[in-house]
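Report on one structure; see the data block that follows.
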Amino acid sequence: MGGEISGVVEVSDFLLELRSEEIPARMQAGARAELEKLFRREMDAAGVEIGEIAVWSTPRRLALIAHSLPESTRAVREEAKGPPEGAPDAAIDGFCRKNGVGRDQLELREVKGRPTWFAVIDKPGRATRDLLAEAIPAIVRDFAWPKSMRWGTASISTGSLRWVRPLSGIVAILGEDLVECGVDGVRSGYATLGHRFHCPGEITIGGAHDYAEKLRACHVVVDHEERAVLIREGARKAAAEAGLALIEDEGLVVENAGLTEWPVPLLGRFDEAFLDVPPEVIQLTARTNQKYFVCECEGGKLANAFVCTANIEAQDGGAAIVDGNRKVLAARLSDARFFWEQDRKTPLADQAKKLERITFHEKLGTVADKVERVAKLARWLVEEGIVKGANADLAEQAARLAKADLVTEMVGEFPELQGLMGGYYARAEGLPDEVADAIRDHYKPVGQGDEVPTAPVTVAVSLADKLDTLAAFFSIREKPTGSKDPFALRRAVLGVIAIVLRNALRLSLQNGAYYAALLRVEGAKMTNVRALRTPDAVRTALGNTAQGSMLDIECDANFVYEEFPAFFADRLKVQQREAGVRHDLIDAVFALGNEDDLVRLLARVNALQTFIETEDGANLLAAYKRAANILRKEDWRGIEGEIAHTGEEDPLANVDDPDLAPVVAAKMAERHGRELSYEPEPAERALMEALDAAEPKAARAVEEEDFSAAMAALASLRAPIDRFFDEVTVNADEEKKRAARLDLLARFRAAVHKVADFSSIEG
Amino acid sequence: MDRNPANSFQDMILALHDFWSAQGCLILQPYDMRMGAGTFHTATTLRALGPEPWSAAFVQPCRRPTDGRYGENPNRLQHYYQYQVILKPSPADIQDLYLESLRVIGIDPLLHDIRFVEDDWESPTLGAWGLGWEVWCDGMEVTQFTYFQQMGGFDCKPVAGELTYGLERLAMYIQGVDNVYDLDFNGRGTTYGDVFLENEKQMSKWNFEIADTDALFDLFRKAAAECRNCLDNNVPIAAYEQAIEASHVFNLLQARGVISVQERASYMAQVRDLARGSCEAYMAKEAPAWAEKYPEWSK
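Here the protein sequences line up with chains U and F, keeping their order.
First residue of the first sequence? That's 15 in the numbering used here, and the numbers climb one at a time after it.
First residue of the second sequence? That's 8 in the numbering used here, and the numbers climb one at a time after it.
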């Protein structure tokens, strides 16, 4: 209950500037969001209505402008209903305490004919300026920085104020009035500082209205987005004036905007001789070490030019700055060229030997051990015909050299060049292009949207590398949990999914991972395996070549075999969500079990999705659910119920078990052949006939992987099942009719299940 | 080459001494031990602990055996100089003071682009970390600027500001020289190469090829043992010197390539334990007197 005391409310704009020593560029976006969040929190709590807010940052300040703040909060009268007249004193006293009023402030009113005490509390409006004066220190104290520090004399106590770097000033003006406040010795005022070098003195701000323009006059562009525009366009222009095209880099634009208050892009040249070094190396050096843009000539070749972003309008037009930056870049590029020359003196095969000294994971041996497994796996993928069109020797060779660049000087300096440098070095020593390309691209795809390999040798190495990583970490029970995925296994499985789908590779991922896990055994070798359907087949194929730790490894591999499918189904759902594939449909196909051939799985899912979205599909789903409900209610196991069960709740758990398939088929045949002991109703007979026709069609279609045809076969059941429900009473009085009809529904349910587990489908 | 005596290598050092002396700093001399960075100087490490105000400036020769290039690389040296300033508590105008010191040695911030770029500092060996920047001059890192937050595993109360100038880099910049050995040392014709080129050649050879590794391993063990002996006898400064010694011997062993990847972590942990142990002992010894003099410190 409450009422407002009306009146015209004056509004003013509010300016808050928190000045500090240089805020790291990478933290500024987060800091802007934090400032707005805390400001809103404080104003909400104080009951101040806020309109539009602008938040800006430079390296030396965070600023917030809140437009049209009321000069005071509204006065509010609140009433609280208390105990009735005559209630015990304790109850009335308690009510007074709770509402912060005395007994004399209580009023009696009739409530439903009964006199009742009411407390009337007048909350006067408060001046927004006072509320702000309390809010600002709270905002500063509660501000969450990724890293914060103490400083100065006050830091003799660890309880002193923390900020990202020393906080040096606060400007807080409501309208044109100072909001007086302070936090740990920093007092608010009208004064701020302009550009550190161009305008070193103090400047006085009038309020939100003149803040940005007064700063601009003092060489500070306070709006970070405006600085980004100046950098983006200035860099483009500088490149264009030199007859070049800027290689756009939005990350660099934002970073440089976070490093400057008065950005001035300047173009410089470096010695053309450095262009011998791979362009990616030059770009990376310029970008990560120096925060420079690079440019390209017409035709896309890297130019010997860079664009740096200065923070001053230099007296000499920037000549000295460009010259200094050129020297720094030259020193960096000399180092890079030195690495480039040094590394090429050692063949990759020799570098690869040094991988024996690098631990991959304490429980998984060295990188050399991993390379050995990946080489075998890559060869196997080719020899099994899973990756078609690749030469097995080249795939193995590429796999053996793929990690060699990890020990080169260049990759030591720039880890992000792994793969790429190996590709360059392989080509330089005259290895076949397929091998060099595979070394270069085998880490791909690194993330969503990254290029997916299609060259056969690359596909074999890339897939083998990722399968090995997954199998190896699963073997030692290092599965990702929650937000923790220290070995990037989710990324690896997404990579596997992308490669398999892009190249339409046909393999059982479960078996592939199982095999990869077994490769940890010394001397394990896969021979003459054309179809890996069961662990037994793999084990037989491995034969007795493996010794010693075989049992342990097998146990680990079995764990991989058990755990891997659910993990990859999860990732598949995430990955396919982007493509608009419904996760419940993936579940519906996945629930059939034994379906980890991604290509087939998705073909099935896609056909299912198309079908479900038709009217026939939607109706069939409804009929399926109805049938399933009836069967569940009756606890009718039907045909499957006669087959030995292991106690699962789902009576259909075994329907698709390949071992049980012949048994089920035999039972089915027996049932179909059995004459009904009564004359079925027309709708009943029609459904039986429809099933007689649809079952073999669907089965054949699934066998032939023609899932649209399988769906069409299901669609032919729609009219008969609808009619059956319309015209036939399932729960007939006669027990034999009831049993036969429930059997018929069970048969219908089983037929649908041959195509997908419709019980997983939502809606 | 620019032969302006006012910006010779030694004049730059003298100008910095004058400047920081005028700001009230003690002008100290280098610590007389081999060390990897000026931060190891007791005037920094140990004095960063405790509540006593402390302001000092000094040049510290730094030894980085693995950076040796036999005098053939224009930028890399196994022995070079840092200029270090330590101000405790960190003054409110420390950035302005620093920028003023750059003007004093001839860097005009309206001609050159000076920038404070995030660079946090951490030394696991010293159990120390701080937040700050690397200061860029036209894209070149010329100074490491750090607000110490912890040292030897202890909170710095109050926080000290540490400035570490790379003297050769700054001088090369100011003199417009591309090769460190061409630096004008004294403004009267003597170059940095005249003074140090032969040292770099011989010391690189010794660091990488000659040093008796058995003797070095022995030295490491003895320094570690002596450090513990000092700690047992409550002379933490002496213990700390042995930690400095062990740290440098470890660097030499690294340069000789005789420490495997696996062993490396264990050696680093040993050095860290010695350094931290020394800091802890130093704190324990001084804390009662500090607490009495600065009651707010012990809170």
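Glycine included, each C-beta is placed from N, C-alpha and C at the ideal position.
Residue j beta carbon less than 7 Å from that of residue i
i, j, result
"F307 of chain U", "L347 of chain U", "no"
"A50 of chain F", "A63 of chain F", "yes"
"E327 of chain U", "V267 of chain U", "no"
"V449 of chain U", "Q365 of chain U", "no"
"I79 of chain U", "A222 of chain U", "yes"
"R585 of chain U", "L508 of chain U", "yes"
"L258 of chain U", "C309 of chain U", "yes"
"A527 of chain U", "L481 of chain U", "yes"
"E455 of chain U", "T472 of chain U", "This sequence places Asp at residue 455 of chain U; Glu is not what is there. Yes, Cβ-Cβ distance for D455 of chain U and T472 of chain U is below 7 Å."
"A440 of chain U", "A413 of chain U", "no"
"A704 of chain U", "L728 of chain U", "no"
CB contact below 7 Å: residue i versus chain F
i, result
"P160 of chain U", "no"
"I335 of chain U", "yes"
"F211 of chain U", "yes"
"W165 of chain U", "yes"
"Q356 of chain U", "no"
"V342 of chain U", "yes"
"E36 of chain U", "yes"
"T172 of chain U", "yes"
"A345 of chain U", "yes"
"I135 of chain U", "no"
"A231 of chain U", "no"
"S169 of chain U", "yes"
Cβ-based burial, residue i [other Cβ within 10 Å; buried from 16]
i, result
"Q36 of chain F", "exposed"
"R179 of chain U", "buried"
"D27 of chain U", "buried"
"P459 of chain U", "buried"
"D103 of chain F", "exposed"
"T87 of chain U", "buried"
"S285 of chain F", "buried"
"T495 of chain U", "exposed"
"V125 of chain U", "exposed"
"K300 of chain F", "exposed"
"E252 of chain F", "buried"
"R263 of chain F", "buried"
Neighbour flag for residue i against chain U, beta carbons, 7 Å
i, result
"P60 of chain F", "no"
"E125 of chain F", "yes"
"M158 of chain F", "no"
"Y88 of chain F", "no"
"P165 of chain F", "yes"
"W128 of chain F", "no"
"S108 of chain F", "no"
"N240 of chain F", "no"
"S273 of chain F", "no"
Collapsed DSSP secondary structure at residue i in the structure displayed
i, result
"G562 of chain U", "For G562 of chain U, the predicted structure reports a pLDDT of 43, less than 50, and the residue's modelled location is therefore unreliable. A value from the coordinates is still provided. Residue state, collapsed to three classes: coil."
"A256 of chain U", "coil"
"T167 of chain U", "helix"
"G338 of chain U", "helix"
"Y438 of chain U", "helix"
"T218 of chain U", "strand"
"G168 of chain F", "strand"
"T46 of chain F", "helix"
"E370 of chain U", "helix"
"Q249 of chain F", "helix"
Heavy atom of the ligand NAD within 6 Å of residue i beta-carbon
i, result
"A222 of chain F", "The model on display carries no ligand, and the ligand NAD is accordingly not part of it."
Rounded Cβ spacing between residue i and residue j (contact assumed at less than 8 Å)
i, j, result
"Y180 of chain F", "V142 of chain F", "About 12 Å; that fails the 8 Å criterion."
"Q85 of chain F", "G45 of chain F", "Not confirmed; about 16 Å, so no contact."
"P81 of chain F", "D185 of chain F", "6 Å"
"L645 of chain U", "L756 of chain U", "7 Å"
"E93 of chain U", "F123 of chain F", "Contact flag wrong, Cβ pair sits at about 57 Å."
"E275 of chain U", "T72 of chain U", "5 Å"
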